[in-house]
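Numbering (my numbering), first residue to last: 1 to 155.
Cβ atoms here follow ideal geometry from the backbone N, Cα and C, with glycine treated the same way.
Right, one structure below, let's go through it.
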C-alpha cells in the first residue's frame with residue numbers, strides 16, 4: 001500500500017509541477033527530434049519566453065516554418081532573415097527564417113516531460129492518469145464514510 005501511495009504521489013506531483021511550469025513560465029513545446037542534441041533531446045519539454053533582445057548568431061530560437069514549430073540555433077543573420085541549424089545536424093537548414101516567424105526562445109528545459117505530457121493527452125493516458133486515480137480516491141473516501149457510519153451506528 002505504501003509503494004502504491006508513493007508512486008501515485010510522485011506521478012501527481014510530476015503532473016502538478018509540469019502544469020505549474022506551463023501556467024507561470026510561458027508557452028511550451030515538446031521536442032520531437034534529436035536535431036538539437038545534446039542540449040535538447042526528443043521528449044524534452046521546452047518552455048518558451050518572448051524575445052527580449054536582438055537575435056544574434058548563437059541564440060537558440062523557436063520559429064514557425066510552414067505551420068510546424070522548429071527549435072534551432074541561429075548561425076547567421078542576413079538582413080532580416082535568419083540562417084539556422086540544428087546542433088546535431090551536419091548542414092544548415094535549407095530555408096531562411098523571417099524575424100516575424102520567431103515565436104520565442106527556450107528558457108527552461110524539462111527532460112522527458114514531453115513524453116509524459118503526450119501520454120496524458122492520449123485517451124489511454126487520460127484514463128490511467130486522471131480517471132482511474134479519481135475513481136480510486138472516490139472508492140477510498142466511500143469506504144471511509146461507510147466505516148464512519150458503521151462506527152457511529154454501533155455507538
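Within the same chain, and ignoring the five residues on either side of residue 56 in sequence, the residues whose Cβ sits closer than 8 Å to its Cβ are 74 and 77. Secondary structure at residue 147: helix, using DSSP grouped into helix, strand and coil. The continuous alpha helix (DSSP H) containing residue 126 extends over residues 123 to 126. At the C-beta level, residue 133 and residue 8 come within 8 Å of one another. The shortest C-alpha to C-alpha distance from residue 69 to any of 53, 131, 144 and 28 is the one to 28. Segment contact: the region 108 to 119 against the region 78 to 91, fewer than three CB-CB distances shorter than 8 Å; contact not assigned. When DSSP reads this structure, residue 106 sits in a beta bridge with 48. In the displayed model, residue 40 falls within coil according to three-state DSSP, outside both helix and strand.
Counting the other Cβ atoms within 10 Å of the Cβ of residue 124 gives fewer than 16, which makes it exposed.
With a cutoff of 8 Å on beta-carbon distance, residue 42 and residue 53 are scored as not near each other. In the DSSP assignment, residue 97 falls within the beta strand (DSSP E) that extends over 96 to 98. Taken atom to atom, the span from the alpha-carbon of residue 85 to that of residue 79 is near 17 Å.
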